[in-house]
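These notes concern the structure reproduced below.
2 protein chains.
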Amino acid sequence: MTELSVVGKRIPRVDAKSKVSGRAVYFGDTVLPRMVYGKILRSPYPHARITKIDTSEAEKLPGVRATLTYKDVPRVITYIGHLHPPDTPLDRYILDNVVRYVGDEVAAVAADSPETAAEAVERIHVEYERLPTVFDPEEAMEPGAPKLHDEGEFIFDMDRNIASHIKLAFGDVEKGFKESAVVVGPEKFKVSAAHTNPIELYGCIAQWDPLENRVTFWAPSQMIFRFRTVLAHQLGLPENKVRVISPYVGGAFGSRCHVYPFHAIAAFLSKKTGGRPVKITLSREETYVGGTSNRHPGTLTLKMGAAKDGLFKAFDARIVFSAGGYAYVSSGPIGFCCSIITSLYRFGAYNVEGYNVYTNTPPSGAFRGFGGPQAHFALEQIVDMVAEELKLDPIELRKKNHVRVGDVIHWSGVEVRTCGLDECLDKGAEAVGWKRRYDSAYRGTGVKRRGIGVAMMEHVSGTKYIPGEAEITSAIIKLDESGKITLLSPAHELGQGSRTVATQIVAEELEVDPEDVVIPELDTDYLPYGLGSFGSRYTYVDGTLIRAAAADTKRQVLEWAAKKFDTTVANLEYKKGKVTVKGAPENTATLAEIVKFAQWYNPDDVGAIIGKATGPPLYNAPPFGVQFAEVEVDVETGVVKVLKLVAAHDVGKAINPTTAEGQLEGGLTQGLGYALTEGVIVDPETGKVLNSDLMDYKIFTALDMPETRVFLIEPIDPTGPFGVKGIGEPALVPTAPAIANAIYNAIGVRVKELPLLPEKILKALEEKQ
Amino acid sequence: MTELSVVGKRIPRVDAKSKVSGRAVYFGDTVLPRMVYGKILRSPYPHARITKIDTSEAEKLPGVRATLTYKDVPRVITYIGHLHPPDTPLDRYILDNVVRYVGDEVAAVAADSPETAAEAVERIHVEYERLPTVFDPEEAMEPGAPKLHDEGEFIFDMDRNIASHIKLAFGDVEKGFKESAVVVGPEKFKVSAAHTNPIELYGCIAQWDPLENRVTFWAPSQMIFRFRTVLAHQLGLPENKVRVISPYVGGAFGSRCHVYPFHAIAAFLSKKTGGRPVKITLSREETYVGGTSNRHPGTLTLKMGAAKDGLFKAFDARIVFSAGGYAYVSSGPIGFCCSIITSLYRFGAYNVEGYNVYTNTPPSGAFRGFGGPQAHFALEQIVDMVAEELKLDPIELRKKNHVRVGDVIHWSGVEVRTCGLDECLDKGAEAVGWKRRYDSAYRGTGVKRRGIGVAMMEHVSGTKYIPGEAEITSAIIKLDESGKITLLSPAHELGQGSRTVATQIVAEELEVDPEDVVIPELDTDYLPYGLGSFGSRYTYVDGTLIRAAAADTKRQVLEWAAKKFDTTVANLEYKKGKVTVKGAPENTATLAEIVKFAQWYNPDDVGAIIGKATGPPLYNAPPFGVQFAEVEVDVETGVVKVLKLVAAHDVGKAINPTTAEGQLEGGLTQGLGYALTEGVIVDPETGKVLNSDLMDYKIFTALDMPETRVFLIEPIDPTGPFGVKGIGEPALVPTAPAIANAIYNAIGVRVKELPLLPEKILKALEEKQ
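These protein sequences, in sequence, are chains Z and A. Our numbering puts the first residue of the first sequence at 10, with every later residue one more than the last. Our numbering puts the first residue of the second sequence at 10, with every later residue one more than the last.
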């Protein structure tokens, strides 16, 4: 690999100044002339039929511009997620006469002020016929359970409330278990409905031009083009009659992959007002009660068999997710959870079955990791349990069994080309002081006990070769007469640093200063098509096509320079944004000079320099990661204090080590919350969410953080631009199992249910005694 | 030529609904958060040095956010026009300590309201040292005349106030005159400083982000990319740090080719406010007093010799334009005037010399026709004078001498490939009843006399092969999964219908419904480079590249369809937006199906369909036109009433006959004003503009219009897309000389000075008697 001058450097984030100064424009900052405010009325019941709805009292309120009920919107079954049908169940109308969870959308109002809108929705009179409810996904599959849906498409089994079902099998599992020296399980693990909690609230502005019959959305999004496709479908318009503009996004974490009902509601309200922009901003509470979505909660029942030498002979998993009232990207997380659970290790045989099941709870959806955190929380504990049975060190057992270079991942057909797991294990073990876990003096015997745990993970770099998914993006690069660069890329800046890495890739390839690159904000009207920022794809996938567009730009620069110097491209040298005739340094032209030449010189042969690339990435390199947790458990209170987290992640190549570390550190924060405190709690009597604000739903903040160490392991991947792999999601995936394993090391009890609350620790300790 | 299904059809304008409903967004409709209002203090003197300037009293006014004087802006000599240096004199600072006309920019204020800003500029204390003045360009060239500029670049002769000089010669003129049977002249014609008068006022919003050091302009413009280049130069930024957004434009007529001082002033005011958007809207009065620009006034002294058979043997012209205080696009109109005056006819020899001269009057600049109206006003009268001397019918004389197919235009090297002049002359003559002009009974002998006149014109289709100019544009076409089309084109919709013709070209080429095409608004950040809408170039130049981008799109569609149907492109047929395997109609795919296939089907071979074209047009076909005027002159009052105008224009091919006719009818309105009423009057004592509003400056309105007949002559030009030629400017060019010639036919006197006011008619009648 040639020497890199910008890639791999810790340049400051290109959006840093705007953000720290508060100047960066978010959706919430956007104010449009004649704008009005939308507010949604939500269901107080978990399951009910609307028998009467009357908006007349709301409409009497001065300042109210429009009301909207299920009667006002077309009865189009919409798909909400980002996957193409038939991979996603179509189970939802924009507004319906049946509500399926507390918080489900019932009606909406647009008014001159948010206060008037809030008052007006209270005046909407609704009569409900209550329907039977079910909150637990396992119960929901039982015969006789209340049925949530009786219409829809691509729903696996409506009678059993199963939105999606997946089954993966390899080898002879029965034989595998028979041949195993040790069999652990079935062990049942339970995962919680963690909430994404981006700091920027959810919302959008929609403006429906009644004459052009064209709708513009200002909406924080992770995927403007898929948003456009879904919204066009919902609104009954072709795609080019829907424009999605997405400014800076204040955190997304997967949850901004979904088109939520409020998007179409804002548009239909705008239409009813005759074309005013309608702004809807969900309150924090609304985001919890189903206005947005949570990580899928559910159960994972695993069984694992290993031979005496430690090799995994057989694996069995049954995974049941709660979809909530509707199945956002349903087959996605359940499918990915079932898939990824089979692919970190070389199992002799496996059998995995998954269900995503409707319940009368807020919908589950995409959340950083997309099924991976659930999978690894269970998998990485049962691996430790097997290690204990075999009396093997957990690291040793993992090293024996993990996939390695040359292995092919069954479900995707992807061959592993690089794998940094061993280096991650070794670096992390050293940093955490792994051997101490066997020292009883270290672990202690008093009230406070210490322990160390490890967990690994595997993920994807985008969606190529994922069944039912596609992978595509595009990039355009414009050179101007100043010799400067504008990159048109669907580079959703979610806070993850996408614009910074895109800038570095362009600057590296064209050998210019990163300052020379401008990336305009996201707008479907202008940008070339691409899927967006999700699935740990941006740097790996868009990076590939951005680099290709830069190469295409360079090719054009050389062609124009050849004309300028009346020579051939082969006789030219491109270096540091300049072109020189070989052996004639006096014949050198800057990019500015070449663009001026191209645009002005020869009347019969002029052209703007516009580089373009569109296509798939080369591959889908699996990123890997290992995390170690050191914990202190108070055996009297059950409180777990994480003393240290060590994260060693195989990132291929870090385009910008600082933003890569930032991704990992951010992930650790979410991983800690997932492990110890987070989870939306639905009251089993009323179906109401009990912790719908940041007081009661506890996320880890900067002040709560333990000591962390982050290692970037960089086995340059041949398939990624400059060797990169995906990095967006991995960091939070192994945190919870590493902590659970550390707790076991500290106190000898295993809590298999998230979050690992003190009362669960105490209960487990009690049960043990 | 194959049959056309959309091109040539009178489809409704794509912007019609938005405009007639008042929904179309113009710059004036734009309101931004934290926006403040700029106001400019203008010079009360025609020439003076600022000896003291004090803004402290203005700054004390509550609500004032920033003040700006020449001390606050970088002393950068800027170029204001759209031409590349060295073709344009660099003669102006953003603000200077010398003012050169009444209305010149002195200082500026930004405040919370327009009223506060207006009050604040009044509080700026300025002391001036008066300097000697000169208002007449011929006087300004004399030795000892006051000198306007003592700094600058590319100024031809600062001592003689000559901004630009041009000289064109062909053949032996002296010999030509000697061989002539008839010599007319030197005859001196005088042209007025007509004002563009778009209904939308001038102005912009500028926002200078102090952290990104990036400036965004919302500005009605004819050329966003040239605006960006000029503004980047003025502000000291690279081009990609300047963004120009141009919404709908409410009339431009060339005057929105200039970057005016208010543009940079708004930006520097924004910078001083710490980044607030600053909106400056010029009042109607400000636009007249030099806040914008006028058509170049001046004199044209012509001499023409013809042989007995009528062939033009020799021609001599001396043209002096008044630049005003600064030379906007200086070499442009004087150069074009001198050039086009040589090229409508086959002169045996000619000698043309032109000067653009600084005077202490409001600046002259680009205005529809760009020197052509001045040239033809003089030329087409002297041709009639020669015809009279030769006792030839003016049409006959013109037919003998005008350029024809195969001729090469000397100054551009362009060969005439099609020429509809004869057909225009014949169609027009018949429609106006030409022969009546020789009937004294028709002409009358009473107070009201009637007459009929004719005039021809030639123009360009863009700027290719014009010395010092370049010609380039680009287009990108995106196909979406609905199979619909987004065209990215610098299609400045100035009211002329550019978006409609662009839509028709795309729809024709891709064989889809015009409804399927969306053209987003103008934005330099996203659009591919192109020069804009001026010089009668859009349909001819952008049309060529738009068509090429559509063809590139179609090529990609066919390639993907070949993959879809597992066949070759040669085996496919594209028809009406669908692709069919030849001989297998069951294998047909819509555009939507092909895009879905391309974007989703094969993980290793996906791509967005993005058509692209950049380059020059094929050529620069000269459009021609002929107009006939029938007038009634009141010999007692001198009032000229135009009874009928007939315009027959060679437009190549009308993409949309209705918008083409609209262009011509609009041009006739301006031509009538230029002929009879328009011209900014500068007081020869004070240098003040005496008619600075629409009460005192009289333009023709719909109610003032005579009967008009418009003929589109369509000799399909082989170089334009679908055969088009330029059409934007021609219509106003021959109107004034046709009227002047008709007046002569009616009353036997020739008024050689614009506008043809009653007092001038009476004076000429008096002189005759």
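Just so it is clear, CB atoms sit at the ideal spot from N, CA and C, and this is done for glycine as well.
- For A/G460, the nearest beta carbon of chain Z is not closer than 8 angstroms to its own beta carbon.
- Counting every other CB atom within 10 Å of its CB across the protein chains shown gives A/S30 a total below 16, marking it as exposed.
- Unbroken beta strand (DSSP E) runs of no fewer than 3 residues, entirely contained in the segment 184 to 267 of chain Z, are found at 191 to 200, 212 to 218, 223 to 227, 251 to 255, following chain order.
- For A/K312, the three-state secondary structure derived from DSSP is strand.
- For A/D561, the enclosing alpha helix (DSSP H) starts and ends at 552 to 573.
- Under a 10 Å Cβ-count criterion, Z/S348 is classified as buried, with 16 or more other Cβ atoms of the shown protein chains found around its own Cβ.
- For Z/Q636, the pairing in a beta bridge is given by DSSP as Z/A464, Z/A656.
- Identification of chain Z residues near A/Q390 by a Cβ-Cβ cut-off of 8 angstroms yields none; the smallest Cβ-Cβ distance measures about 34 angstroms.
- Within the segment 658 to 741 of chain Z, the alpha helix (DSSP H) runs of at least 4 residues that lie entirely inside it are, in chain order, 666 to 685.
- Using a Cβ-Cβ cut-off of 8 angstroms, Z/S483 counts as an interface residue toward chain A, since at least one Cβ of chain A sits closer than that to its own.
- For Z/G363, same chain residues with a beta-carbon under 6 angstroms away, outside a window of 5 residues either side, are I175, I328, I343, C347 in chain order.
- Beta bridge pairing from DSSP links A/R459 with A/E641.
- A Cβ-Cβ distance of about 6 angstroms is found for the pair Z/I618 and Z/T562, placing them in contact under the 8 angstroms criterion.
- Legend: CB atoms of the segment 15 to 33 of chain A lying less than 7 angstroms from CB atoms of chain Z belong to residues K26, S27, S30, R32.
- Per the C-alpha coordinates, the member of A/S302, A/L567, A/D218 positioned closest to A/L278 is A/D218.
- As summarised for the segment 96 to 120 of chain Z, there are no continuous alpha helix (DSSP H) elements at least 4 residues long confined to that stretch.
- Residue nearest to Z/V361 within the set Z/T310, Z/V287, Z/L104, Z/K769 is Z/T310 (criterion: CA-CA distance).
- Taking a beta-carbon distance threshold of 8 angstroms, A/T623 counts as an interface residue toward chain Z.
- Residue pairing by DSSP places A/H501 opposite no residue, since no beta bridge is assigned to it.
- A/L220 belongs to the set of residues whose beta carbon lies under 8 angstroms from a beta carbon in chain Z.
- Look at the segment 488 to 515 of chain A: the residues with a C-beta under 7 angstroms from a C-beta of chain Z are D489, E490, S491, K493, I494, T495, L497.
- Residues of the segment 605 to 617 of chain Z with a C-beta atom less than 9 angstroms from some C-beta of chain A are K605, A607, Q608, W609, Y610, N611, P612, D613, D614, V615, G616, A617, listed in chain order.
- Look at the beta carbons and you see the segment 319 to 326 of chain Z not touching the segment 287 to 297 of chain Z: under three pairs across the two are nearer than 8 angstroms.
- The beta carbon of Z/E147 lies closer than 6 angstroms to those of V329 in the same chain, with the five residues before and after it left out.
- Interface annotation for the segment 444 to 473 of chain Z against chain A: K473, criterion Cβ-Cβ distance under 8 angstroms.
- For a Cβ distance threshold of 9 angstroms, residue set D489, E490, S491 of chain A lies close to Z/T238, ordered along the chain.
- Counting only Cβ-Cβ distances below 9 angstroms, A/P537 has contacts in chain Z at I485, K487, A617, I619, in chain order.
- In this structure, the CA atom of A/L774 is about 17 angstroms from the CA atom of A/Q390.
- In the structure shown, A/I481 adopts coil according to DSSP, grouped into three states.
- With the rule of 3 Cβ pairs closer than 8 angstroms, the segment 463 to 472 of chain Z counts as touching the segment 541 to 557 of chain Z.
- DSSP assignment within the segment 24 to 99 of chain Z yields the following whole alpha helix (DSSP H) runs of 4 residues or more, N-terminal first: 25 to 29, 65 to 69.
- Burial is judged here by how many other beta carbons sit within 10 angstroms of a residue's own beta carbon; A/D159 has fewer than 16 and is exposed.
- Using a Cβ-Cβ distance cut-off of 8 angstroms, the segment 262 to 270 of chain A and the segment 652 to 671 of chain A are not in contact, since fewer than three pairs of beta carbons, one from each stretch, lie closer than that value.
- Secondary structure note for Z/G344: its alpha helix (DSSP H) is the uninterrupted segment 340 to 349.
- Segment contact: the segment 650 to 657 of chain Z against the segment 714 to 725 of chain Z, three or more CB-CB distances shorter than 8 angstroms; contact assigned.
- Going by C-alpha positions, Z/I736 is about 43 angstroms away from A/R556.
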